[in-house]
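When you read off a place in the sequence shown, starting at 1, and then add 7, the result is the number in the working numbering.
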Amino acid sequence: MSYFMVDIESDGPIPGDFSMICFGAVLVNEELDTTFYGKLKPISEKFNPDALAVSGFSREETMQFDDPKEVMLEFNEWIEKNSKGRPIFISDNNGFDWMFICWYFHHFTGNNPFGYSSRRLSDLYCGLEKDTFAQWKHLRKTEHTHNPVDDAKGNAEVLLHMKKEMGLKIGLK
8 MSYFMVDIES
18 DGPIPGDFSM
28 ICFGAVLVNE
38 ELDTTFYGKL
48 KPISEKFNPD
58 ALAVSGFSRE
68 ETMQFDDPKE
78 VMLEFNEWIE
88 KNSKGRPIFI
98 SDNNGFDWMF
108 ICWYFHHFTG
118 NNPFGYSSRR
128 LSDLYCGLEK
138 DTFAQWKHLR
148 KTEHTHNPVD
158 DAKGNAEVLL
168 HMKKEMGLKI
178 GLK
């Protein structure tokens with residue numbers, strides 16, 4: 008199995024009606040040096056200016072981004088190239104990040120290389136701490152900037168900390 012930490016930025020709350028603007032992924036290994044970054048042209052006329060502002064891009068900038076189908080096909084190839092065994096999707100907020108990645112994969116490529124499941128970093132940490140309110144974001148080394156590669160890398164650092172310091176058993180290949 009290979010774990011991929013993923014983070015997305017969007018211009019609204021749901022895929023289809025709104026657009027995934029960019030996303031980043033990091034292969035979780037000791038180096039955290041295998042990354043993917045995609046910027047996607049909007050698929051809808053609808054957008055929420057406040058949500059878009061989080062990404063740091065203007066609507067005009069996003070209109071120049073890459074074709075979503077091409078980006079998702081490239082991401083799929085990158086996952087296949089960097090997977091040893093089944094790829095596992097993990098994120099800080101997989102209810103949000105997974106929703107967009109899964110929808111975009113199925114809509115633009117017809118399948119999702121991650122299958123039908125994902126993992127949530129926060130839940131793993133809370134389980135290890137035996138506290139559903141446990142806070143973990145202080146364990147990031149990379150600053151949370153809303154650049155999705157930075158954010159995915161910071162979250163992957165937390166997963167590695169959980170493995171090394173807290174005894175989380177994950178098979179990193």
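All C-beta atoms, glycine included, are put in the ideal place defined by N, C-alpha and C.
The secondary-structure analysis by DSSP pairs residue 12 across a beta bridge with 33 and 97.
By the criterion of a C-beta distance shorter than 7 Å, residue 78 is surrounded in its chain by 45 and 47, once the five residues flanking it on both sides are discounted. Exclusion of the five residues before and after residue 127 leaves 101 as the residues of its chain whose Cβ lies within less than 6 Å of its Cβ. Fully enclosed beta strand (DSSP E) runs of no fewer than 3 residues occupy 94-98 of the region 83-152, in order along the chain.
Contact fails between the region 54-69 and the region 80-90, because fewer than three Cβ pairs, one in each stretch, are under 8 Å apart. DSSP lists 27 as the beta-bridge partner residues of residue 17. Judged by DSSP secondary structure, residue 161 falls within the alpha helix (DSSP H) whose first and last residues are 155-173. Taking C-beta atoms under 8 Å as the contact rule, residue 26 and residue 51 qualify, at a distance of about 6 Å. Per DSSP, the beta-bridge partners of residue 73 are 47.
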